[in-house]
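There are 4 protein chains.
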Amino acid sequence: MDYVYGPGRNHLFVPGPVNIPEPVIRAMNRNNEDYRSPAIPALTKTLLEDVKKIFKTTTGTPFLIPTTGTGAWESALTNTLSPGDRIVSFLIGQFSLLWIDQQQRLNFNVDVVESEWGQGANLEILAAKLSADSAHAIKAVCIVHNETATGVTNNLATVRKILDHYRHPALLLVDGVSSICALDFRMDEWGVDVALTGSQKALSMPTGMGIVCASPKALEASKTARSVRVFFDWNDYLKFYKMGTFWPYTPSIQLLYGLRAALDLLFEEVFKKCRLAVEAWGLKNCTQKAEWYSDTVTAVVVPPYIDSAEIVRRAWKRYNMSLGLGLNKVAGKVFRIGHLGNLNELQLLGCLAGVEMILKDVGYPVKLGSGVAAASAYLQNTIPLIPSRI
Amino acid sequence: MDYVYGPGRNHLFVPGPVNIPEPVIRAMNRNNEDYRSPAIPALTKTLLEDVKKIFKTTTGTPFLIPTTGTGAWESALTNTLSPGDRIVSFLIGQFSLLWIDQQQRLNFNVDVVESEWGQGANLEILAAKLSADSAHAIKAVCIVHNETATGVTNNLATVRKILDHYRHPALLLVDGVSSICALDFRMDEWGVDVALTGSQKALSMPTGMGIVCASPKALEASKTARSVRVFFDWNDYLKFYKMGTFWPYTPSIQLLYGLRAALDLLFEEVFKKCRLAVEAWGLKNCTQKAEWYSDTVTAVVVPPYIDSAEIVRRAWKRYNMSLGLGLNKVAGKVFRIGHLGNLNELQLLGCLAGVEMILKDVGYPVKLGSGVAAASAYLQNTIPLIPSRI
Amino acid sequence: MDYVYGPGRNHLFVPGPVNIPEPVIRAMNRNNEDYRSPAIPALTKTLLEDVKKIFKTTTGTPFLIPTTGTGAWESALTNTLSPGDRIVSFLIGQFSLLWIDQQQRLNFNVDVVESEWGQGANLEILAAKLSADSAHAIKAVCIVHNETATGVTNNLATVRKILDHYRHPALLLVDGVSSICALDFRMDEWGVDVALTGSQKALSMPTGMGIVCASPKALEASKTARSVRVFFDWNDYLKFYKMGTFWPYTPSIQLLYGLRAALDLLFEEVFKKCRLAVEAWGLKNCTQKAEWYSDTVTAVVVPPYIDSAEIVRRAWKRYNMSLGLGLNKVAGKVFRIGHLGNLNELQLLGCLAGVEMILKDVGYPVKLGSGVAAASAYLQNTIPLIPSRI
Amino acid sequence: MDYVYGPGRNHLFVPGPVNIPEPVIRAMNRNNEDYRSPAIPALTKTLLEDVKKIFKTTTGTPFLIPTTGTGAWESALTNTLSPGDRIVSFLIGQFSLLWIDQQQRLNFNVDVVESEWGQGANLEILAAKLSADSAHAIKAVCIVHNETATGVTNNLATVRKILDHYRHPALLLVDGVSSICALDFRMDEWGVDVALTGSQKALSMPTGMGIVCASPKALEASKTARSVRVFFDWNDYLKFYKMGTFWPYTPSIQLLYGLRAALDLLFEEVFKKCRLAVEAWGLKNCTQKAEWYSDTVTAVVVPPYIDSAEIVRRAWKRYNMSLGLGLNKVAGKVFRIGHLGNLNELQLLGCLAGVEMILKDVGYPVKLGSGVAAASAYLQNTIPLIPSRI
């Protein structure tokens, strides 16, 4: 039984899970092993050391948790905060909405700062709130670096500047699920206290590993945080780190070897602009200003007489291509082209060619080839030779 | 970098993670897929239906959670109980100890019933406690079906009988991590309210999927349970079950296909007795009475002048074999031979031959071949022809 | 050491070896097995039966030889002919040239009928030769069904008609290396006596299995053929066929399972026309008349001021794409787009988009998007929904 | 359809194809590639260089031919000899018998020197023949280094000494199919002119690559050898070697990467003696003198009242173990335990334990555990710590 077989490869252009590089698939093609043998701690040690590089931190402590991004969120919150703590949280799309829902259900006092979907976080309101909080009641600022639902990237350096300007001690908790490894991310420089991502995003692995990195200040906070936690408790990890066996419970052997291979492969991602294709088609990007453009996902707004869900359905049914749906407030109005992970130029151009056909299928008067041409023109001027083939 | 390569296959005889059948490895050798395409819900639907069979339930509701056994425990507890609830919990080895630790940290009022390690759960004390609890203050009975640390199997039918005898409404929560799929397990017949296992145990898959099954009574309890939970919340799953998309967050595509293959392969496990070898060596089983003998792990007690950790170290260093350490109270005193999962007779005999050499290495006067002979004699009389080869 | 790693998948658009479907890769991901166990003959039996279907024969006898297409050629010739035998052989491109070279070195008396490269076999000359050969000195007619070097397909039905018209008993030996499984092929209807292909062509497997199918008349001829042969001798196979063990020497276990999976997957290939793109670019197809157009490879003629080898080099170095070189007489003048095997529409469109960029790179004034648009327009009107997704 | 699935791994103890190391399986888990891209020649170059080391030659020229051992034989003979040439060839078991059959069918004048099966090559007769051949009519001496059918290893150093003693210029052609990579083999030191092996033997890869290595003298001979050959012609290879593209026809991409991984893994094989088990069982080795004992296969003679084929059948049907049959003259009288390739001590001991049970099944009064004990005792005193784990 293989539900997905069709001729050729599936064109996977959703914002996650993303295409896995073949060397990573090969590395995971293996039997289980005893995680208490000397091999797994030795392997884990190199992973914990190297994973810090993707966060750009030297002082952070990483945790490789057998969970998803949702679990990584919970790990970040419950280890650093206590029930009733006031936190400021930005709502700019579906994933920030889900995180805020979690924050509320974990009994924090959430101060929601909402922007129109398609805009970035409203940092002026943040400044106002911090300025007014001389008592330091605000314990944390929670922000999604790259909102996967709308394709908006927030400016974390500015968030840090505002916190510093008001000398405010609030923790900075960052969802980097669709940004880390794909966008510029600087944990130490930006003073991020907890950063997190998932294995199935820009690391290009299967789902199942939530990667959380805590600053010394966050670790300090974990000592007094009173949120109930066991599975996600950093202390259990730290205890086993000290012993050198590293794992409080069984890790996925396959994901450990996969992470080793993925880190070994990390490379400069170069797909800047399927946005040029969107323009050539005469359509609009959901992201409203260029400064918020995301490098990992493009959310395309369709004309009102077209249902974007129909586009996604057709992509699957007719062209064996997977596109992202519009979520919640923009459901039916946008579809999303994911372009993070293990992809290259011609795969992206094939994707754009497919989108053109679908647009025509659903009645939009696109000129076939127009978007491909715009993107080709850009790529042709910017992509370098593959270094190993020069 | 391959930390574990040595000539030949590693002899993996720990109680988990266990050997993965080659068809399951092949099924997981694949790229990611869009979990919102029609294929994954269609696949998930068959998995949820078929996974009920391994619990022997028709009325239960299963959850396939991206987590480990520890997370499955937390899912069972937080969805059915409220902080402060009184629960009776049996301590008979390392894994029941860890579960009790979790119960306490989740703020339940845990009534611990301890047995000597190597003995089963003291059900007389349970009877006494239930008899005395006419107010029904006890909300749940928590029991490990098969204690992986000592190789003891508890009798769940008797637990149910006692609960029924006193007409006590307490929920019956069962850790079946090293029993389900390997030992006889009957969720409906024994009136188990929550049963759970992990993918890397008798299902013979990689780690990363916690499988939890809830009875209608447990689902009912989840509506009023006040324990804080988000990642592990059954309601989020139930909401997506109703929509037919099944997943509140991203599952591991690979584990879904792996589970499909593993369920397709499920077969009668036949390794009853490496216990005969233990006797032939003149050693003792840690499990003190035959009625508690576990079919999935044998814990062997070594003479006082031998350190069992040295046996496990040598197995690894000299013979490329992985054995389980003695844990906590029996550390240094026992080593454990895991024999659940994808194994067959000759693999087990090779393992026993290896143990004999190690015993001699560390100074125990074993007669080489004696344990192998005892086990061979038993197997020879009991193993049938492989059905597909008759 | 991985010489080929680059971001994303390699775009493999050469006429062979072609892309392997993922289910076939998975089926071959396995250890060796004893080929004398009952399993391999049982598997082989189904393969021999099913492989006849790809030749469209019920009376033929197939041989799965551990070799390449070159070895399959040798098998066809040495089993049916004797040194000095006169054969008529058509020279229309690089691969027919190589086969003729082999025929000469095997000491046959080869009557070469040459066409201009880009044209089909000259069947008028065949008619003339058969008409003149009332003594039946011509023992075989050798023809390449689809010349991979120029993208020309010969009309085998006509060849048979001519042979029948003159009631000539010559054997009809056909190289179907790049046609069988991709183009219409009818061994029995067309009276083909030996047909052959290689696993790495339209069967979409790794290289290493030469598949040869012999008609009863060819088998009869093998009894008196005096060409020296051992490794390629059909009699050794027939002897083992009779015993039911099938293999005179060790087969590749992996290729047997791969063939099983490949046969299970066989589907209607739908890529008719990247020829439309060639026209939209203002370039010419090397194949000179539409009746000879090949459905498996398109050979594109470049303007005289461009070196087609530079196009292939750039495709590799800059775009991670593999295109076929022009061979021998058309070296430097044509490049080839292979489109047989496991490919789908969007992969092909991505390929065309890449070719457009390269053409521009090397100074040809192509309109970016033009070829993609032409092909998209065609595909959009012709590709059906994927049946399993309707 | 999976004909071989049974619980646990198949115990593959035949003399070929042998167990493939997991890193080699992983390395071959890949799509096809363009063999004319720069990557494959670069890879091939390292393979040709490194493969010389397994022959212990610096002056030899290796060929990696897409064929089996039978094809490798044919390559060795047809490239160096002409029809009618007189050769001396030793018949000591089934594989030397098959090679002699090939030599005769290729029209050489074969001077067969037969020994009783179970004995080594009769070198006294060789000396006599060379001594008598002052005219140097003998063009080649053909010898199987390790006769896989009887487990006899011939002494090649002595063969060379005899040739040198008589200053005889005959070529020395050696079948090293089951010896190279497993036994001591010294092409240059022993003056071997053509040595050959197959990928599925001690290299522990899938079947499909015949590896042939030619001395300068053999290459010289190939210039005048008049045997007809095309697929196996070394000259076609040499032509492409000179061009730096290496392949006259398509190689298996997967086997090239597999060979790279296999060469990277080559290690000291340590299984000397399951012969001790044979003695402990009170049985006899087919090999009649210790000096001929093979390190790669043990042929066990069963008592006259037992049919050895029944042992092999039972091994498969009841214990999922693959043993080698007795061939031809020793059919029904011996069974063979293959122990070359990727195996380790405990796998071998599991195998011996299985053989003991089968022996008892078929009525031989073996003491269970006796052979295992004998082998364990030996291994325990000789196997070192795994270097990477010290």
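Which chain is which? The protein sequence lines are A, B, C and D, in order.
Counting from 1, one number per residue, gives the positions in the first sequence under UniProt numbering.
Counting from 1, one number per residue, gives the positions in the second sequence under UniProt numbering.
Counting from 1, one number per residue, gives the positions in the third sequence under UniProt numbering.
Counting from 1, one number per residue, gives the positions in the fourth sequence under UniProt numbering.
Glycine included, each C-beta is placed from N, C-alpha and C at the ideal position.
No Cβ-Cβ contact shorter than 8 Å links isoleucine 100/C with leucine 106/C. If the five residues before and after asparagine 19/A are omitted, its C-beta is found closer than 7 Å to the C-beta atoms of Leu12, Ser204, Gly341, Asn342, Leu343, all from its own chain and listed in chain order. Counting C-beta pairs with one atom in each stretch, the segment 224-238 of chain C and the segment 32-49 of chain C have fewer than three that are closer than 8 Å, which means they do not touch.
With respect to the C-alpha of glycine 118/B, the residue from Gln104/B, Thr158/B, Gly93/B having the closest C-alpha is Gly93/B. Take valine 112/A, set aside five residues on each side of it, and the residues of its chain with a beta-carbon closer than 7 Å to its own are Ser89, Leu91, Ile100, in chain order. Listed along chain C, the residues sitting closer than 8 Å to asparagine 29/B by beta-carbon distance are Ile25, Arg26, Asn29. Among the CB atoms of chain B, one or more fall inside 8 Å of the CB of lysine 360/D. With a contact defined as Cβ atoms closer than 8 Å, proline 66/D and threonine 250/C miss out at about 14 Å. Counting only residues of its own chain and dropping the five nearest sequence neighbours on each side, tyrosine 166/A has a CB closer than 7 Å to the CB of Leu130, Ser131. In this model, leucine 171/D and valine 51/D are separated by some 22 Å (Cα to Cα). Considering only Thr148/A, Val159/A, Phe108/A, the residue with the shortest C-alpha distance to glutamate 124/A is Val159/A. Within its own chain, the residues whose Cβ lies closer than 8 Å to the Cβ of alanine 374/C, once the five positions on either side in sequence are excluded, are Leu276, Ala277, Glu279, Ala280, listed in chain order. Not a single C-beta of chain B is nearer than 8 Å to the C-beta of asparagine 285/D. Listed as beta-bridge partners of isoleucine 87/D by DSSP are Val110/D, Ala140/D.
Annotation: histidine 168/C has no Cβ neighbours in chain A at a cutoff of 8 Å; minimum Cβ distance is about 41 Å. Short of 6 Å from the beta carbon of alanine 137/B, and not among the five residues preceding or following it, lie these beta carbons of its own chain, in chain order: Arg86. Listed along chain A are Asn29, Arg30, Asn31, each with a C-beta nearer than 9 Å to that of glutamate 22/D. Residue-level contact by beta carbon fails for glutamate 116/A and chain C, as no gap is shorter than 8 Å.
Apart from the 5 residues on each side of it in sequence, isoleucine 358/C sits with its Cβ closer than 6 Å to the Cβ of Ile311, Arg314, Ala315 in its chain, given in chain order.
Bridge pairing for glycine 8/B: absent [DSSP]. Taking 8 Å as the threshold, the shortest C-beta distance from tyrosine 319/C to chain A falls below it. Inter-residue distance for leucine 368/C and glutamate 22/D is about 46 Å (C-alpha atoms, whole angstroms).
In the DSSP assignment, aspartate 236/D falls within the alpha helix (DSSP H) that extends over 234-243. Closest in alpha carbon position to threonine 61/B, among Leu256/B, Tyr241/B, Asn285/B, Gly332/B, is Tyr241/B. Annotated as distal: alanine 72/A and leucine 346/C, with beta-carbon spacing of 8 Å or more. By the Cβ-count criterion, proline 216/C is exposed, with fewer than 16 other Cβ atoms from all chains shown falling within 10 Å of its own Cβ. Under a criterion of Cβ atoms nearer than 7 Å, the residues of chain B adjacent to histidine 11/D are, in order, Leu346. For cysteine 351/D, a Cβ of chain B is located within less than 8 Å of the residue's own Cβ.
In the three-state scheme derived from DSSP, where H, G and I count as helix and E and B as strand, glycine 176/C is classed as coil.
For leucine 130/B, the uninterrupted alpha helix (DSSP H) run begins and ends at 123-132, by DSSP.
For valine 300/B, no CB of chain D lies under 8 Å from its own CB, so it is not counted at the interface with that chain. Residue state for glycine 69/D is assigned as helix, using DSSP reduced to three classes.
Rounded to the nearest angstrom, the gap between the Cα atoms of alanine 128/C and serine 134/C is 11 Å. Assigned with DSSP and collapsed to three states, glutamine 380/A falls in helix. In this structure valine 301/B is in contact with valine 334/B, their Cβ atoms being roughly 5 Å apart against a cut-off of 8 Å. For valine 366/A, the CB contacts under 7 Å within the same chain, skipping 5 residues up- and downstream, are Trp281, Glu356, Leu359, Lys360 in chain order.
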